[in-house]
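Protein chains in written order, with the working numbering: chain A, 2 to 189; chain B, 18 to 577; chain C, 28 to 699. Just so it is clear, CB atoms sit at the ideal spot from N, CA and C, and this is done for glycine as well. Bear in mind the structure is a predicted one, so any value in this text is a computation, not a measurement.
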Amino acid sequence: MCLPLQGKENFMKEIIKSIKIYLIFTVLLGLVYPLIIAAIAQITMPYQANGSLIIKDGRVIGSELIGQKFDKPEYFNSRPSAVNYNAAGSGASNYGPMNEKLIEQVNSYKKNNKKITADMVMASASGLDPHISIENAMLQLPRVARQRNLPESKVKELVNENTDPDFVGIWGKAGVNVLKLNLTLDSL
Amino acid sequence: MYNSALLQVVLFIIILIILALPLGEYMAKVFTGQQVWLSFLIRPVEKFLYRIFGVDETKETDWKSYTFSLIVFNAVGIVVLFILQLIQHILPLNPQGLSSVRWDTALNTAVSFVANTNWQAYGGESTMSYLTQMLGMTAQNFVSSAVGIAVAVTFIRGFVRKSVKEIGNFWVDLTRSIIYLLLPLSIVFSLFLVSQGVIQNFNPYTKAQTIQGQEQVIAQGPVASQEAIKILGTNGGGFFNANSSHPYENPKPITDYFEILGFLVISAALPFTFGAMLNNRKQGWAIFISMLTLYLIGLSVALWSEYHGNPILGLDNMEGKEVRFGILNSVVFGHSTTSTSCGAVNAMHDSFMPLTAMILMFNMMIGEVVFGGVGVGLVGMLIYAILTMFLIGLMIGRTPEIFGKKLEPFEMIMAVLVLILPSIIQLVFGALASSTTLGLSSLNNAGPHGLSEILYAFASGAGNNGSAFAGLNANTPFYNLTLAVAMLVGRFATIIPSLTIAGSLAQKKSTPEISRFPTSGPLFIISIVAVVVVVGALTFFPVLVIGPILEHLEIFTYGN
Amino acid sequence: METKKTIWQPKFIVRAVYDSFIKLNPLNMYRNPVMFAVEIGSILTALITVYNIIQGHPFGFNLQISLWLWFTVLFANFAEALAEGKGKAQAESLKQARSDIIAQKLLPNGDIESIPALALRKGDIALASDNHIIPSDGEIIEGVALVDESAITGESAPVVREFGGDKTGVTGGTKVLSGNIKIKITVNPGETFLDQMVGMIESAKRQKTPNEKALEILLVGLTVLFFVVVVTLNFYAGYVNVKISIPILVALLVCLMPTTIGGLLPAIGIAGMDRLMSRNVIALSGRAVEAAGDVNIVLLDKTGTITLGNRIATEFIPAPGVEEKQLARAAMLSSLADETPEGRSVVILAKEKLRMRGRDITAPEGSKFISFSAETRMSGVDINDRQIRKGATDAIKDFVKPYNKQFPKEVGYAVDRVGGEGGTPLVVCENGNVLGVVRLKDVLKHGIRERLSQLKNIGITSVMITGDNPTTAAAIAAEAGVSDFIAQARPETKLERIRKFQSEGYMVAMIGDGTNDAPALAQADVAVAMNAGTQAAREAANMVDLDSTPTKLLDIVEIGKQILITRGALTTFSVANDVAKYFAIIPALFAVQYPILNTLNVMRLSSPQSAILSAVIFNAIIIPFLIPLSLKGVQCKQDSPMSLLIRNLFIYGLGGLILPFIGIKLIDMIIH
């Protein structure tokens, strides 16, 4: 059967065509498309498009979606984070289940606390997990209520209010949004 | 807990089928040039594009020209993306002032995105400028997916056409994939994602003051537009290092649900496209059910393994998982991502229980055919079908044939190449990595888990998946170069032999229907599932024994 | 061929054992890639064993592995040699018979020279008469003879071979019982059909069929893959601090490679050819034999294939007022000098009706015979003033016109009736009197109905082709039970039809014997020529049926399928075996370093060394165990494809999975 191209000329023509088409698509899909989406997003959904940022007293104190470090006893504590909640460098520990460091980390928690939940002692995947499990929150609830001199029932109410739901029972798990919860507690 | 999990999974599968069926028919119409409901909007755009491309949409070529165009196009992509990364520090849209990317990382990344793998040896928010992410990654995500779909459609044409040399027009297939399928879906999906909290801006990174008084720099960027095509095109390369576990890429359970559906749906629809184009829809169902069977078997084992939790710690295995996803979603996402060669993750695979990880690895080792990557997944599964029909044909005393086309030595050579080359490359490189300091110095975990990190990396590369055991420090020249080669082999050792098979099949006559062995019945489905599992198991059993299986046994006898 | 004997005779086996050593020559082995790899492994382990001995290290284990690897290769060679042996033995005995024959060569100047048969070349003319052995394959160009073909067919009933018509072919080695023929030799020494068939059996000359090549590609692909698995395992093992010796690596590789099917593959194909030979079919193309398994449509000639070839007089229908005996006598007289088979059958029928015997018939004095001509379409005899004629109805009508006698309408009815029932009417008249009608009829070959319905059962459509008119053709077709027929066919019709079917994707088989069949035979996918047929037919075909039975195709189809099924079954078996071998060897390799891996030692084998050795031994001895199956072929009967597949999957798939677990455990217990 005959060759697909005859001679160097066709060869070069094909390469030029490839480059042309590639660059056109690059501009179309790499510039036009993201810019259009950005335009629509910024106009119609600016809060979400710009990061769901929480502003208090004129300053950005964080994002509703991004976790931050809470380790003081009067706050509900956040999960361990392998990147120390660095939101410009997300990441995880990548410890395997048998990793010595992981075992040591968990065991030291066990020494100081009677009951623990998995998410209390294990780091998240992104390092920026804004949630803790409801069970985790319940375990911390007495301590926080005590620290703030609030009735446990009131704190529990706040926990429920600041729990992000799952997807109507067909996917996901509900999680307590630590930042929103602590913010609400502080505003009381 | 198990009951609700079962219900959730069942509902998930049902919704997947409901979405995939019409999408499959839609694609069949698009690629055979018929009118669809969006045509009124898109057809003028299509014609305009052909004009400025200089493409005559009525002219089709033989497999050699098609392959040549494809290779040149991919080569251009690698070169452009490579250069873009090297000069990003002098280009606009770089608010964080990120420097030029190191050459081996840039090369690996360029190859990776062109090969639809999207293996990222780098952390996105700390390495790539907004411009690079858009012009390089986003654009390439569309294009590499479109290439995969074009290959699949051409492969299907090999069966449909008789006694002709022409198998299609590469530029037409490429363009149609993008403007009729990927772009419309991405626009809708990205706006949906924004509505749920996925960011889309060009702001500099936000400086926030946390409640406890520390500074937290929050990375920003045009994420939603990239996220949409990362998902839909089974690419997997995320904006951020944490990929789809990052709250800005995957903020809520609902986004997680639609992300998983998103990267499954096109690959799940393609078997139906196959059935429609072949004008034998039962055939399409047979392929779909074969894939679904393998998917469900793997998912069951993975879920069983992960739900057991970590016996050493006596806790659920939440290390490397997000609370809003829990065990179920993380496993389904991980299993789906390794089945489809997507590679996005919503949990850290390095921290999964060993048998769960083994299933994820195995998904990739068998060549990503359980739905698989857009386009190439269907092709890979059909290659297994060719192998199966070869054996079945022999066992019933007939010259082997499939879907009406006879299987001759030439087809067998090509099919064997597709089957063994990716496996060979990952075994060889894995052996190299596990016996040299170059390779071993990157490990994050000791013992058999470390071996798993290596195995996973090369399985991911050769299978064009892109996910990783992220503990492995893969941003070294050794891993960047070996993985680049593995990705190239995995991608092109599938595409090129498949195109030659398509060309060869298209030239053959079709055997009469009455004399064909029924390939849409349960016997065929069971056979093809068995062939996939057996071939994969025979190839990888030894390394899996001294990797994840050994780790599993050690964990459950820990302390004894 | 007279040897329908079993292959398991001591002389065959001894010969095969001897051959299996000869075949170890690498130049021979490399044609079978899988076993060649095993041979290289055997050499390697042997060298290492020798090295061990020289160094004074323990060598027992390596020695055993090496020995069993050599056995693996030898067993495979043995299988091939055994299959070859049978065919070669038959061929040798025939060649022996021929080397003694002296031929009578006719020189151009008319002299006759006696030379050895093997010196005859293509184009030579040889003479043969009573009790001569025909010296070589050829065509009769003059004369007629009664031939005993038992030397090649095993049938002692003699057959007629003669010049003119379709029965001109003769085969070297057969005996002329009576008659006188001039034979034009059509082959050079060493090129007879028999020689060609032997070439298909001898592995050195054998051409692999496309199917075999495709399977071999798969096996080589798996071999390469497993080679990589084993070599890289050496390095992975290093990571877990385990060292694996080279002999063990080789052993693992040989166990994983599809050695069972790889070793038996040549034997399967050769044995298929042997089985064909024992059914008296000479195949000239292995590819055609395998294609036979796929045949959808078979084209059959009417004359000579479905029917006996010559019409036979079966009935005398006298005119009103005429006695049957009178008609019979007149018909007989007019046919005495008739050389055609039809004429002779009239005489035979008349003899029967008149209760006369052969010797009593002579033509009366003064007879003048009128032979048949295309213009008159009559033949007959003039005896003094009696003019007896027989022939086509309208020809006879014209003949009796001058006598001004009415053509009896009852005769007219009889003519119509005979025609409508598919026969040919011959009207007989004497002088002006129409005496009656002789019915000529096609007679079906014995057993044709049953065989054609068997073809239908396995899904093959039979199509009869004839030059007859549609009514006659329809009648014969219905009687024989063919699925379809084509009437008023010209010589080109067969070729056209085959091409048309092939363009629609069908596989077409054709059975023929005449020269005009040659183009169609050349075009068909599976072309079977009757040995009794013309040389042109035999050369155009890719198979020759020595028995000249049209339904030999059934046997050919069965054997064609059998070859493929046997290959498929053993491939599945071979691959399924690997699972158990892994469970034997992998724990053995690593359990010393990691005792928990012993949970994978499901067979509870006694020690790593015995585990590996047991696997190697099983891998070796499974080959001779499967030799009988390979030579006989997997039974396929006339099953539907589905049930065939399910049965084979169970036996060879599931069986192949389970059997080695049991086998390896048994061997382990024995050697421990």
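For SER305(C), three-class secondary structure by DSSP: For the purposes of this step, residue 305(C) is taken as residue 278 along the third sequence, with counting starting at 1. Looking at SER305(C) - three-state DSSP - the assignment turns out to be helix.
State yes or no: is the C-beta of THR155(B) within less than 8 Å of the C-beta of GLN105(B)? As a first step, residue 155(B) must be located in the second sequence, where it is residue number 138. As a first step, residue 105(B) must be located in the second sequence, where it is residue number 88. Not closer than 8 Å, so no.
Please report the straight-line C-alpha distance between THR598(C) and VAL27(B), rounded to a whole angstrom. Translated into the one-based positions of the third sequence, residue 598(C) becomes position 571. Translated into the one-based positions of the second sequence, residue 27(B) becomes position 10. One C-alpha to the other measures close to 38 Å.
Proximity test, Cβ basis, 8 Å: HIS106(B) and chain A: Counted from its first residue, the second sequence places residue 106(B) at position 89. Taking Cβ atoms only, chain A never reaches closer than 8 Å to HIS106(B), which makes this a no.
Note down, in chain order, all residues in the segment 289-311 of chain B with a beta-carbon under 7 Å from any beta-carbon belonging to chain C. Hits within the stretch: zero.
Would SER537(B) pass as an interface residue toward chain C - the criterion being a Cβ-Cβ separation below 8 Å? In the second sequence, residue 537(B) corresponds to position 520, counting from 1. It does not; no Cβ of chain C falls within 8 Å.
Of all Cβ atoms in chain C, is any one closer than 8 Å to the Cβ of PRO529(B)? Here residue 529(B) corresponds to residue number 512 of the second sequence, with the count starting at 1. Yes, contact with chain C.
Going along the chain, which residues of its own chain have a beta-carbon closer than 8 Å to the beta-carbon of ILE196(B), five neighbours each way excluded? Locating residue 196(B) in the second sequence gives position 179, counting from the first residue. If the five residues before and after ILE196(B) are omitted, its C-beta is found closer than 8 Å to the C-beta atoms of ILE59, VAL62, GLU63, LEU66, all from its own chain and listed in chain order.
Step through the CB atoms of chain B and report whether any lies within less than 8 Å of the CB of PRO293(C). Counting from 1 along the third sequence, the entry for residue 293(C) is found at position 266. For PRO293(C), no Cβ of chain B is located within less than 8 Å of the residue's own Cβ.
Closer than 8 Å is the cut-off here; do at least three beta carbon pairs connect the segment 58-78 of chain A with the segment 122-131 of chain A? The segment 58-78 of chain A is in contact with the segment 122-131 of chain A.
For ARG382(C), count the other beta carbons within 10 Å of its own beta carbon; 16 or more makes it buried, fewer makes it exposed. Which is it? By 1-based counting over the third sequence, the position of residue 382(C) is 355. Exposed, since its Cβ has fewer than 16 Cβ neighbours within 10 Å.
Please report whether the beta-carbon of GLU470(B) lies at a distance below 8 Å from any beta-carbon of chain C. Residue numbering aside, residue 470(B) sits at position 453 when the second sequence is read from its first letter. Not one chain C Cβ lies under 8 Å of GLU470(B).
What's the C-alpha gap between ILE35(B) and TYR274(B)? On the second sequence, position 18 is the one that residue 35(B) refers to. On the second sequence, position 257 is the one that residue 274(B) refers to. Taking the straight line from one Cα to the other gives about 15 Å.
Identify every residue that forms a DSSP beta bridge with GLY63(A). Residue mapping note: residue 63(A) aligns to position 62 of the first sequence, counting from 1. DSSP output for GLY63(A) lists ILE55(A) as bridge partner(s).
Can you tell me whether DSSP reads ASN100(A) as helix, strand or coil? Indexing the first sequence from 1 puts residue 100(A) at position 99. The answer is coil: DSSP assigns ASN100(A) none of H, G, I, E or B.
Three CB pairs or more closer than 8 Å across the segment 543-557 of chain C and the segment 311-324 of chain C: Touching, per the Cβ criterion.
Can you tell me which of GLU571(B), THR49(B), TYR83(B), ALA463(B) puts its alpha carbon nearest to the alpha carbon of GLY520(B)? In the second sequence, the residue the question calls residue 520(B) occupies position 503. It is TYR83(B) whose Cα lies nearest to the Cα of GLY520(B).
Quick one: list the residues of chain C neighbouring ALA448(B), beta-carbon separation under 7 Å, in chain order. Within the second sequence, the letter at position 431 stands for residue 448(B). Counting only Cβ-Cβ distances below 7 Å, ALA448(B) has contacts in chain C at THR259, PHE262, TYR263, in chain order.
Unbroken alpha helix (DSSP H) runs of length 4 or more, entirely within the segment 95-152 of chain A: which are they? Correct list: 101-113, 119-122, 135-149.
Rounded separation between GLY587(C) and THR416(B) - CA only: As a position in the third sequence, residue 587(C) is number 560, starting the count at 1. As a position in the second sequence, residue 416(B) is number 399, starting the count at 1. Here the C-alpha atom of GLY587(C) lies approximately 10 Å from the C-alpha atom of THR416(B).
Closer than 8 Å is the cut-off here; do at least three beta carbon pairs connect the segment 82-93 of chain A with the segment 294-302 of chain B? The segment 82-93 of chain A makes no contact with the segment 294-302 of chain B; the number of CB pairs closer than 8 Å stays below 3.
For the ligand GTP, is there any heavy atom lying closer than 7 Å to the beta carbon of TRP302(B)? Among the components of this structure there are no ligands whatsoever, and the ligand GTP is therefore not found.
So, does the CB of ILE34(B) fall closer than 8 Å to a CB anywhere in chain A? Within the second sequence, residue 34(B) is the residue found at index 17, counting from 1. Judged by the 8 Å Cβ criterion, ILE34(B) is not in contact with chain A.
Got a sec, what are the start and stop residues for the alpha helix (DSSP H) THR341(C) sits in? Position 314 of the third sequence, counting from 1, holds the residue named residue 341(C). Element bounds for THR341(C): not the alpha helix (DSSP H) but the beta strand (DSSP E), 339-345.
Considering only the beta carbon of each residue, do MET284(C) and THR250(C) sit closer than 8 Å? Reading the third sequence from its first residue, position 257 is the one you call residue 284(C). Reading the third sequence from its first residue, position 223 is the one you call residue 250(C). With respect to THR250(C), MET284(C) sits close: the two C-beta atoms are nearer than 8 Å.
In the structure shown, what three-state DSSP assignment does GLY527(B) receive? Here residue 527(B) refers to the residue found at position 510 when the second sequence is read from its first residue. Rather than Gly, the amino acid found at residue 527(B) in this sequence is Ser. In this structure, SER527(B) counts as coil in the three-state DSSP scheme.
With a threshold of 6 Å on Cβ separation, who are the neighbours of SER205(C) within its own chain once the five nearest residues in sequence on each side are excluded? One-based indexing of the third sequence puts residue 205(C) at position 178. The residues are ASP157, LEU173.
Which same chain residues end up closer than 7 Å to ASN625(C) when comparing Cβ atoms and leaving out the 5 residues on each side of it in sequence? Along the third sequence, read from residue 1 onward, the residue named residue 625(C) stands at position 598. PRO614, ALA618, listed in sequence order.
Could you confirm whether any beta carbon from chain C is found closer than 8 Å to the beta carbon of ILE419(B)? Here the question's residue 419(B) lines up with position 402 in the second sequence. Closer than 8 Å: no.
From ILE518(B), THR192(B), ALA547(B), residue whose alpha carbon lies closest to that of ILE22(A): For the purposes of this step, residue 22(A) is taken as residue 21 along the first sequence, with counting starting at 1. When each option's Cα is compared against that of ILE22(A), the closest is THR192(B).
Using the Cα positions of LYS18(A) and PHE85(B), report the straight-line distance between them to the nearest angstrom. Along the first sequence, one-based indexing puts residue 18(A) at 17. Along the second sequence, one-based indexing puts residue 85(B) at 68. Those two C-alpha atoms are separated by around 12 Å.
For a cutoff of 8 Å on Cβ pairs, would you count ALA119(A) as touching chain B? One-based indexing of the first sequence puts residue 119(A) at position 118. At least one CB atom of chain B sits nearer than 8 Å to the CB of ALA119(A).
Note down, in chain order, each residue of its chain lying with its Cβ closer than 7 Å to the Cβ of PRO74(A), except the 5 sequence neighbours on either side. Taking the first residue of the first sequence as position 1, residue 74(A) is located at position 73. For PRO74(A), where only same-chain residues beyond five positions count, the Cβ hits under 7 Å are ARG144, GLN148.
Bounding residues of the alpha helix (DSSP H) (the contiguous stretch that carries ARG233(C)): Locating residue 233(C) in the third sequence gives position 206, where the first residue counts as 1. Unbroken run through ARG233(C): none, as it is neither H nor E.
Taking the alpha-carbon positions, what's the ILE639(C) to LEU570(B) distance? Your numbering for residue 639(C) matches position 612 in the third sequence. Your numbering for residue 570(B) matches position 553 in the second sequence. Looking at the two C-alpha atoms, the distance is approximately 23 Å.
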